[in-house]
Amino acid sequence: MPPDQLTGDFWENLDMASSSPTALPATGGHVPPAEPLSLTVSAAWRRVPSVPVALAFSAGILADHYADLELPQWFVACALSLLAWAGCLVRRQPSGASVCLLLAVLAAGGGWHHWRWSIVGADHISRYAEETPQPVRLSGRLVEQPWVQPRRQQAIPSAVPQVDHTLAILECRQLMSATGEQSVSGRVRLDIAGHLTDVSIGDEVEVVGSLSRPVGPSNPGAFDFRRFLRTEGLLATVRCDEPDDVQKLTGGINAVRRWQSTLRSRAERLIESRLSSDTAPVAVALLLGTRSAIPEDLRTAFAESGTMHILAISGSNVGILAGLLWTLARLAGLGRTGSVIFILSGVLGYSFLADSQPPVMRAVLMVVALLAGRPWHRDGTMVNGLALAALGVLIWNPAHLFDVGAQLSFLAVAALIWAPTCSRWLRRFIDPPLEPLAELENARLARFQHWLRRILIQSHVTMAAVWLFTLPLTMARFHLLSPVGFFVNVLLAPLVVVILWCGYALLLVGFIAPVMAAPFALLFDQGLGLMLKCVRVAANVPAGHLYLPGPSDGWLVGFYLCLAAVAFGVPGGRARWWGWRALLLWTVGGLAWGLLPQKPGELRCTFLSVGHGLAVVVQLPNGRTVVYDAGQLDNPHRAQQAVQQALWEFGARRIDALVISHADVDHFNGVPGLAQTLPIDVALIHNSFLDFQQASVKQTCDLLADRKVPIRTTNAGDQVPLDPSVQLDFLHPPAFDRLPTDNANSLVLLIEYRGRRILLTGDLERDGLEYVLMQAPRHIDVLLAPHHGRANASPRRLAEWATPDWVVVSDGRHDSSRQLSAVYGPAAQVVSTHQSGAITFVIDRQGELTYHQFRPGSSDRPPPAAVERETEAVTAPRPSDPQSTKSRRAAEPRPTRKTRRSPTGATD
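Residue 0 is where the sequence shown starts when you use numbering that gives the first Met the number 0, and the numbers rise one by one after that.
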């Protein structure tokens, strides 16, 4: 199949005038009439019958996701639609029959999603799982080959040693717990500390570990790990402390999957033995889809250079392989049928080797849809193939409709379909046809120049189209804009094709005749090395990438509706004419809305949930942002992610002041990562923090200096002049006084606004606490419990000195709420970030204090849950209220989306 046909335009296949001036926006003129195009539209839909079916099936999935409907209701709706369809056929009403059939498809999509997402068996393993881990003994069969997840590289080593983990999927058979032994069904995700050896896919194993239900997001903008696992059909996890907790009972019996695993292992060994240590992990990711061995800094370089898609084994890999196979078929002189068989065999074989990953299967389905009719001279269109691939993916797993990887993949293919139309329109102005006399005078040079201009125009237009289609979604989900990626991808595109061809040749020849694989391995290794150099250079280009808040989901929906009208509306029709104008207005309006300031006169203080650590985000009424600490005991990345995702969710683009309370790593080890992604105007510390005998302190200061972040010392009596309406006062430590412990030297920050006070205490204890208590007592509305709520850091004297209304505990599974309630008395409400997720206090311009928690209710709710975000609000009385320390009124919970209860008791 010629490459032009692989990327041919949908409307060109319909013999329509896609080159008309109205195909792209005009600078003037009247609205084109729609009536003469009715037959054209009808012909268009007949050429793409899969498009309305895929749209209807997707609409059903969306309806089930957001509506409160049960499976019988979907079944009845589907049956009634089919009856109406039969009636329309009898009455010879084709239009009505089409509508009824699409309604039946819609109901089928909703019912299928409900069956896959909300219904589990009575003996499903998730019914025995709670958010609190429970010790269990499980037996079952491994249905995936175990894979190793290397420990994350950290700029500052965590206080708890990190190890590699082995992950696997277990199909459960028997459960032995404190309640007895019972037969169970369903799959769980195994997480084993260390390397699990001597087991393979298909083996029967016995597992001793802790069974729990995946926890949903705890902070604004956080990744929903629970939803991610549920998309894969995993509603529970089992954690094992060591590999010996997994014992092999019997060998596997699935010969096909074991053979597949053997082939993948052999391919990995071939790559690792032939390539350098720098390029081998990237080669494994490109050819086999395993990215776990790629170093963290290299992944970041790919992301910041805008080339992360190269590492993702996807439709582009399959398309390049199909192009290679087509070239070989042409060189071998295979006919139409032989070429199709050869290409399909190669593509299906590669998908088997690549473990049939969803991106590969999407591309394989599309290639099959395009090639299936060629032996009978019935070529499919790209749009119809794309719709068939989408339909196949959604039937396989309807939850992939909400998967950002699948969304980006289909958007990129849609851009490739549309790009040739733009290229032809642009070439009419930039590359007009050659004059006959000029072509005769210098035929070779003229043809070469014409070919070169065409290639340059097509490559840049194609990249621009892909950017237009994917950039808004990328910014919304990953908060990263990489302008340098536009140019780097244009330069790397030919190199990537050559690299992949060499890689495929290495695999094929290495399997058949290893002695002949050396030339391909050399070319593959050198090409990868050149690509990595380009990626690293691009990632370090000044202003080449930018981290920023992304657009809202509502804006994304409007943008893509306008873009669909522009790209796939009938040429010369009203859809494209209005689509261009709506797209322009929607984009400009969205940018203008994003520049508007937040609600004036409101102070928000958010205590993020980071486990054993601390991270507090304070949004001042004038829009400035203060971050107090950013650290976590055993995972610095968690603290970094919590802070930056929350800031982007709040619409903040920078940190105006970063306060590091003291030199304990669980309070600042997330700072180096934050400095890489967010501009920081100033870092405020006490001079006791500058203990360079601690390697973590020195590394943090060096990195802040490299990022040109000013580091200033502060002490008791100093103020932070960021907002004239807010007092930000440091109460401790005094200047140049160095107490014996880091905790005692914690910077204590008092925030006062409209008569309300919030006190941030770090790990204040002992001598430092005594210094604060010697100051004049004052009523504190919100008190951060010192030292993560430890009893020795919260004596009764502190309760009498502060008389707090709210006491916030930032800690992991250690629950000190009962002890703290006894210390602070019934007038104080003790809340924990572990139980409630992120906790936000809002002070409005009237001085009213409102409390919100991200995860309301008990932590042990029935499985499974798919709530994207939940909040709960409680309003505290005004300071003038004589019962201000004793009375509170509860407000209704405010979920951001409607929830529903599944047959298992889960919310969706």
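Even for Gly, the Cβ is constructed at its ideal location relative to N, Cα and C.
The model shown is predicted, which means the values in this text are computed figures rather than measured ones.
Anyone know if the C-beta pair for A235 and S315 falls short of 8 Å? Along the sequence shown, one-based indexing puts residue 235 at 236. Along the sequence shown, one-based indexing puts residue 315 at 316. Cβ distance not < 8 Å, so A235 and S315 don't count as in contact.
Three-state secondary structure assigned by DSSP to V670: Taking the first residue of the sequence shown as 1, we reach residue 670 at position 671. Of the three classes helix, strand and coil, the one that applies to V670 here is helix, per DSSP.
T165 to D354, Cα distance in whole Å? Here residue 165 refers to the residue found at position 166 of the sequence shown. Here residue 354 refers to the residue found at position 355 of the sequence shown. Distance between the alpha carbons of T165 and D354: 18 Å.
Sorted by chain position, which residues of the same chain lie with C-beta nearer than 6 Å to C604's C-beta, five sequence neighbours on each side aside? Translated into positions along the sequence shown, residue 604 becomes position 605. Closer than 6 Å at Cβ, skipping near neighbours: V617, I757 and F840.
Which residue from D240, G215, A266 and L343 puts its Cα closest to that of D190? Walking along the sequence shown from the start, residue 190 turns up at place 191. Considering only alpha carbons, the answer is D240.
Taking the alpha-carbon positions, what's the A328 to L343 distance? Locating residue 328 in the sequence shown gives position 329, where the first residue counts as 1. Locating residue 343 in the sequence shown gives position 344, where the first residue counts as 1. If I take the Cα positions, the gap works out to 12 Å.
Take Q406 and list the residues in its own chain whose beta-carbon comes closer than 7 Å to its own, dropping the five residues that flank it on each side. By 1-based counting over the sequence shown, the position of residue 406 is 407. Contacts found: L472.
Do you know how far the Cα of Q643 is from the Cα of H951? This structure cannot speak to residue 951, because the chain is shown only from 0 to 907.
Taking just the CA atoms, how far does W258 sit from A581? Translated into positions along the sequence shown, residue 581 becomes position 582. Translated into positions along the sequence shown, residue 258 becomes position 259. The alpha-carbon atoms of A581 and W258 are separated by roughly 54 Å.
Thinking S793 and P785 are a contact (beta carbons under 8 Å), I'd like their distance in whole angstroms, please. Numbered from 1 along the sequence shown, position 794 holds the residue referred to as residue 793. Numbered from 1 along the sequence shown, position 786 holds the residue referred to as residue 785. That belief holds up - the Cβ atoms of S793 and P785 are roughly 6 Å apart, short of 8 Å.
By how many angstroms is the C-alpha of S350 removed from the C-alpha of G250? Here residue 250 is taken as the residue at index 251 of the sequence shown, counted from 1. Here residue 350 is taken as the residue at index 351 of the sequence shown, counted from 1. Approximately 26 Å, taken between the alpha carbons.
Please work out which residues of its chain come closer than 7 Å, Cβ to Cβ, to F341, disregarding the five sequence neighbours upstream and downstream, and give them in chain order. Translated into positions along the sequence shown, residue 341 becomes position 342. These residues qualify, in order along the chain: L324, A328 and L333.
Sequence ranges, beta strand (DSSP E) only - wholly within the stretch 672 to 699, length at least 3: 682 to 684
Roughly how many whole angstroms lie between the Cα atoms of V162 and G588? For the purposes of this step, residue 162 is identified with residue 163 of the sequence shown, where counting begins at 1. For the purposes of this step, residue 588 is identified with residue 589 of the sequence shown, where counting begins at 1. In a straight line, the C-alpha of V162 is about 48 Å away from that of G588.
Give the DSSP-derived three-state secondary structure of A388 in the structure shown. Locating residue 388 in the sequence shown gives position 389, where the first residue counts as 1. The answer is helix: DSSP assigns A388 an H, G or I state.
Sequence-distant residues of its chain with Cβ nearer than 6 Å to L81 (five each side left out): Position 82 of the sequence shown, counted from the first residue, corresponds to residue 81. Closer than 6 Å at the Cβ level, and outside the excluded window around L81, lie A103.
For V808, does the three-state DSSP call read helix, strand or coil? On the sequence shown, residue 808 is found 809 positions in, with the first residue counted as 1. In this structure, V808 counts as strand in the three-state DSSP scheme.
Distance, E764 Cα to D665 Cα: Looking up residue 665 in the sequence shown gives position 666. Looking up residue 764 in the sequence shown gives position 765. Going from the Cα of D665 to the Cα of E764 covers about 16 Å.
Relative to the C-alpha of E303, which residue among A662, D244 and L531 is closest? As a working mapping, residue 303 is identified with position 304 in the sequence shown. Per the Cα distances, L531.
With a 10 Å radius around its C-beta and 16 neighbouring C-beta atoms as the bar for buried, classify L583 as buried or exposed. Taking the sequence shown and counting its residues from 1, the one referred to as residue 583 is at position 584. Looking at its Cβ environment, which holds fewer than 16 other Cβ atoms inside 10 Å, L583 is exposed.
Pick helix, strand or coil for G908, following the three-state DSSP scheme. Nothing can be reported for residue 908: it is not among the residues displayed for the chain, which extend from 0 to 907.
Is L385 closer than 8 Å to V412 when the C-beta atoms are compared? Your numbering for residue 412 matches position 413 in the sequence shown. Your numbering for residue 385 matches position 386 in the sequence shown. It is a contact, given that the beta carbons lie within the stated cut-off.
Compare the beta carbon distance of P397 and G108 with 8 Å and say whether it is the shorter of the two. Residue 397 sits at position 398 when you count from the first residue of the sequence shown. Residue 108 sits at position 109 when you count from the first residue of the sequence shown. Yes, these two residues count as a Cβ contact at 8 Å.
Would DSSP call S37 helix, strand or coil? Translated into positions along the sequence shown, residue 37 becomes position 38. Legend: pLDDT at S37 = 44, less than 50; position of this residue unreliable, no value from coordinates given.
State the DSSP-derived secondary structure class of Q92, mapped to helix, strand or coil. Here the question's residue 92 lines up with position 93 in the sequence shown. If DSSP states are grouped into helix, strand and coil, Q92 belongs with coil.
Pull the bridge partners of K247 from the DSSP assignment, please. Residue 247 sits at position 248 when you count from the first residue of the sequence shown. Answer is V204, bridged to K247.
According to the Cβ coordinates, are D628 and I654 closer than 8 Å? By 1-based counting over the sequence shown, the position of residue 628 is 629. By 1-based counting over the sequence shown, the position of residue 654 is 655. It is not a contact, given that the beta carbons lie outside the stated cut-off.
Quick one: measure Cβ to Cβ for F649 and A837, integer angstroms, because I've assumed they're closer than 8 Å. Residue 649 sits at position 650 when you count from the first residue of the sequence shown. Residue 837 sits at position 838 when you count from the first residue of the sequence shown. Wrong, their Cβ atoms sit about 11 Å apart, outside the cutoff.
By Cβ distance below 7 Å, which residues in the same chain neighbour V508 in space, the five residues on each side in sequence not counted? If you number the sequence shown from 1, residue 508 lands on position 509. If we look at V508 and ignore the five residues flanking it on each side, its Cβ neighbours are M515, A516 and F519.
Using the Cα positions of H308 and D402, report the straight-line distance between them to the nearest angstrom. Numbered from 1 along the sequence shown, position 309 holds the residue referred to as residue 308. Numbered from 1 along the sequence shown, position 403 holds the residue referred to as residue 402. If I take the Cα positions, the gap works out to 15 Å.
Can you tell me the Cα-Cα spacing of T178 and Y127, whole angstroms? Position 179 of the sequence shown, counted from the first residue, corresponds to residue 178. Position 128 of the sequence shown, counted from the first residue, corresponds to residue 127. Rounded to whole angstroms, T178 to Y127 spans 10 Å at the Cα level.
Can you give the Cα-Cα distance for S157 and H636, rounded to whole angstroms? The residue given as residue 157 occupies position 158 in the sequence shown. The residue given as residue 636 occupies position 637 in the sequence shown. If you take the alpha carbons of S157 and H636, they lie about 10 Å apart.
Among the residues of its own chain, which have a CB less than 6 Å from the CB of G208, if the five just before and after it don't count? Taking the sequence shown and counting its residues from 1, one reaches residue 208 at position 209. Once the five neighbours on either side are set aside, the close Cβ partners of G208 are V237, R238, C239 and D244.
What separation, rounded to the nearest whole angstrom, lies between the Cα atoms of I112 and A389? The sequence position of residue 112 within the sequence shown is 113, counting from 1. The sequence position of residue 389 within the sequence shown is 390, counting from 1. Going by the sequence as given, residue 112 is His instead of Ile. Distance between the alpha carbons of H112 and A389: 15 Å.
Which of helix, strand or coil DSSP assigns to E180: On the sequence shown, residue 180 is found 181 positions in, with the first residue counted as 1. It is a strand residue.
Chain-order list of residues whose beta-carbon lies under 8 Å from that of E267 (same chain, five-residue window excluded): Numbered from its first residue, the sequence shown carries residue 267 at position 268. The answer, listed in chain order, is V283, L287 and T289.
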